[in-house]
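The sequence shown begins at 274 in the working numbering and counts up one residue at a time.
Working notes for the structure below.
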Amino acid sequence: MVRKTLQWIQSDLARPEEQLAVLGDPARVPAGRFAGQLESIGAGPLRRDCLQIVQINVGRVCNQTCTHCHVDAGPDRKESMTRETAEAILEFLARSTASTLDITGGAPEMNPNFRFLVQQARAMGRNVIDRCNLTILLAPRYESLADFLAAHQVAVVASLPCYLEENCDAQRGTGVFAKSIEALKRLNNLGYGREGSGLELHLVYNPVGLGLPPDQQRLEHDYKQQLADRFGIVFNRLFTITNMPISRFLEDLLAQGQYETYMQKLIDHFNPATLDNLMCRSMISVDWQGFVYDCDFNQMLDLPIPAGGRPHISELTESALVGLPIATANHCFGCTSGCGSSCQGSLT
């Protein structure tokens with residue numbers, strides 16, 4: 274898997290402009306474009322309504338190489354947020370009305386400033402989310418991580434794409450399911466996912482293959498039953514997230530000759546009811562260098578904010594963000610298909 278990851282990193286498609294060229298190619302998009310879809314229903318350009326969440330990608334260093342990863346993260350990546358950038362983000366957070374700092378990666382916990390960010394944001398009274406791959410909790414040098422998260426009441430959003438070992442390992446690597454179960458038990462032992470503990474534990478489902486996520490509520494029921502019956506594991510909520518046709522997943526679609534088929538499925542299932550609740554309306558995404566984007570997916574495509582290009586968090590004011598149009602492209606069909614998709618799961 275590491276060798277394959279290096280091939281992706283070195284390929285032309287790994288460059289954001291090459292990804293956008295594929296996504297925007299009218300010959301490759303079976304029907305229409307996202308901006309045209311919005312115009313056809315009188316929705317106009319998307320705009321940010323408010324700022325509730327500051328999501329930061331602290332780097333692409335990760336202990337896993339998942340096939341669906343839109344960040345193209347892995348053990349061989351070097352991008353990692355510095356203390357200076359972390360401090361600039363905290364300064365922005367302090368002067369904003371955003372209630373939540375959402376930390377992602379890679380494996381965000383592998384960034385040397387992860388604990389500093391958590392401690393400072395919690396000291397401000399902000400909620401903190403850790404988007405955790407679970408296996409990092411068992412890795413050497415991270416044995417105290419679960420206790421740290423619990424001590425600071427960090428909400429854990431953990432990737433577990435299936436409650437079946439075969440499907441999970443097919444997407445995330447051999448042995449990942451067993452380690453994930455062990456990590457979940459460790460979190461449960463600390464109180465995570467248990468009623469009245471105040472320690473939130475949410476799981477994330479990504480489809481295996483070309484499907485769209487099923488009904489979130491029904492799947493959550495199945496997850497809870499399966500994990501409780503087989504392993505004694507409890508959690509709060511399940512978030513279903515559509516696989517986005519960018520980075521590693523886009524490369525895989527093209528290699529299989531399935532890109533057009535997948536895009537057509539997203540377009541055919543476009544749901545206008547998702548538009549009001551899109552995550553880009555209430556969040557910003559900050560990369561490991563401190564540059565700001567409308568969402569994490571736009572960040573990976575280097576798709577700049579329409580007004581003002583690619584501002585740096587150190588220069589940004591919240592008032593300058595509210596009401597701005599949001600940059601869109603054909604990958605946005607991924608967030609607006611079916612029940613919709615966001616970092617907090619389905620939208621309808």
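Glycine is no exception: its CB is placed at the ideal position from the N, C-alpha and C atoms.
- If the five residues before and after Ser369 are omitted, its C-beta is found closer than 8 angstroms to the C-beta atoms of Leu324, Val327, Glu591, all from its own chain and listed in chain order.
- Note on the segment 349-398: whole beta strand (DSSP E) runs with a minimum of 3 residues are 373-377, in chain order.
- At a Cβ-Cβ threshold of 9 angstroms, Gln531 and Leu483 count as neighbours.
- Boundaries around Cys608 are those of the alpha helix (DSSP H), 606-609, since no beta strand (DSSP E) includes it.
- Residues of the same chain with a CB within less than 7 angstroms of the CB of Met397, apart from the 5 flanking positions on each side, are Leu366, Ala367 in chain order.
- Across the structure, Cys612 and Ala451 are spaced so that their CA atoms are roughly 30 angstroms apart.
- The C-alpha of Gln498 is placed about 30 angstroms away from the C-alpha of Thr373.
- Within 10 angstroms of the beta-carbon of Val559 lie 16 or more other beta-carbons, which makes it buried.
- Beta-bridge pairing by DSSP links Gln328 to Asp375, Ser558.
- Membership of His475 in the beta strand (DSSP E) is indicated by the continuous run 474-478.
- Between Val334 and Ser353 a beta carbon distance of about 6 angstroms is seen, short of the 8 angstroms cut, so the two are scored as contacting.
- Looking only at Pro434, Gly378, Gln393, the smallest Cα-Cα distance to Leu476 is reached by Pro434.
- Cβ atoms of Glu455 and Leu411 come within 8 angstroms of each other, at about 6 angstroms.
- Burial check for Gln489: the Cβ neighbour count within 10 Å reaches 16 or more, so the residue is buried.
- Thr377 and Pro299 have their C-alpha atoms roughly 32 angstroms apart.
- In this structure, the CA atom of Asp575 is about 42 angstroms from the CA atom of Gly505.
- Per DSSP, reduced to three states, the secondary structure at Cys612 is coil, with no helix or strand assignment.
- DSSP places Asn400 within a strand segment (E or B) once states are collapsed to three.
- Judged by DSSP in its simplified three-state form, Val449 adopts helix.
- Relative to the Cα of Pro318, the nearest Cα in the group Thr513, Val427, Asn516, Asp549 belongs to Asp549.
- Beta-bridge pairing by DSSP links Tyr535 to no other residue.
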